[in-house]
Amino acid sequence: MEGIEFKELSNTNLSTIEELHALFPHWKKSSVQKKIKLTNKRRDKRFVALRNGKIIAHVKLVFGKGLHNHRVEVTSLIVEPKERRQKIGTELMKYVLKQLPGDRSLVLLAVDTKNKPAIDLYKKLGFEEYGSLKKASRLNGKYVDNYFMKKEL
17 MEGIEFKELS NTNLSTIEEL HALFPHWKKS SVQKKIKLTN KRRDKRFVAL
67 RNGKIIAHVK LVFGKGLHNH RVEVTSLIVE PKERRQKIGT ELMKYVLKQL
117 PGDRSLVLLA VDTKNKPAID LYKKLGFEEY GSLKKASRLN GKYVDNYFMK
167 KEL
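If you read the sequence shown in this note's numbering, its first letter stands for residue 17, the second for the next number, and so on.
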C-alpha cells in the first residue's frame, strides 16, 4: 500500500504510548504503559501500520506455550476510524501472518458476532468460524456474543 508501512512494534517511547492511547481511548495511559512492558518482556507481539510515521492500526498476538506452542491468538486488531474501509486492517493482518514463525500452525481469535466488517475481513483471510459463546466479552459495559475463528497455516 502506498504511503503505509507495516512493522513489528519495537519503539516504546512516549509518542508511541500516546499514539496507542489515541487508538484505545478507553484504556488509561498507565494501562498502555503496562501493556507495552509486557510486549518488551516478549509475552506478546504487536504490529502496527504507520502513515507518515504515525500509528494508524495495531494488531496484538499472544503466542501459545508448552502443549499449545503451535498456536497464536490474535487478541486485538484495531484501525483508526478515519483510516477504515481502505484495506489497512486486511494488509496489516496479511503482513502479520507472514511474520509468524514456521512452527506456528494455528491462528485463533474471537470477534463480536455483530462486527460484520471484522468477520468479513477475517473470512477473506481464510479464517473460519468454529464456535460461539454468549456474553463472551464486555463492550462499553454491555455483554456481547463472540464467534471463535481459526486459520490453519
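The beta carbon of each residue, even a glycine, is placed where N, CA and C say it ideally should be.
Segment limits, beta strand (DSSP E) that includes residue i
i: Lys23; result: 20–24
i: His84; result: That residue, His84, is in no beta strand (DSSP E); it is neither H nor E in DSSP.
Buried or exposed (CB count within 10 angstroms, at least 16 for buried), residue i
i: Glu144; result: exposed
i: Tyr159; result: exposed
i: Tyr163; result: buried
i: Leu125; result: buried
i: Leu30; result: With a pLDDT of only 47 at Leu30, under 50, the local geometry of the prediction cannot be trusted, and the value read off the model is given with reservation. Per the 10 Å Cβ criterion, exposed.
i: Lys76; result: buried
i: His84; result: exposed
i: Lys114; result: exposed
i: Leu155; result: exposed
i: Lys231; result: Only positions 17 to 169 of the chain appear in the structure, and residue 231 is not among them; the question remains open.
Integer-rounded CB distance, given that residue j should sit under 8 Å from residue i
i: Val78; j: Val123; result: Their Cβ separation, rounded to whole angstroms, is 11 Å, which puts Val78 and Val123 out of contact at 8 Å.
i: Glu24; j: Phe63; result: 5 Å
i: Phe22; j: Tyr111; result: 4 Å
Own chain, CB closer than 7 Å to residue i, minus 5 neighbours either side, in chain order
i: His74; result: Leu36, Leu39, Arg62, Val64, Ser92, Ile94
Own chain residues within Cβ distance below 8 Å of residue i, not counting five before or after
i: Ile20; result: Ala65, Leu66, Arg67, Ile72, Ile104, Glu107
i: Arg100; result: Pro133
i: Lys151; result: Tyr159, Val160, Asp161
i: His86; result: Gly80, Asp119, Arg120, Ser121, Leu122
6 Å Cβ shell around residue i - same chain, five flanking residues per side excluded
i: Gly147; result: Phe164
i: Leu141; result: Met109
i: Ala134; result: Val127
i: Lys167; result: Val123, Gly142, Phe143
### Task
Could you pull out every unbroken beta strand (DSSP E) segment of at least 3 residues lying fully inside the region 87–168, listed in chain order?
87–95, 122–128, 144–155, 158–168
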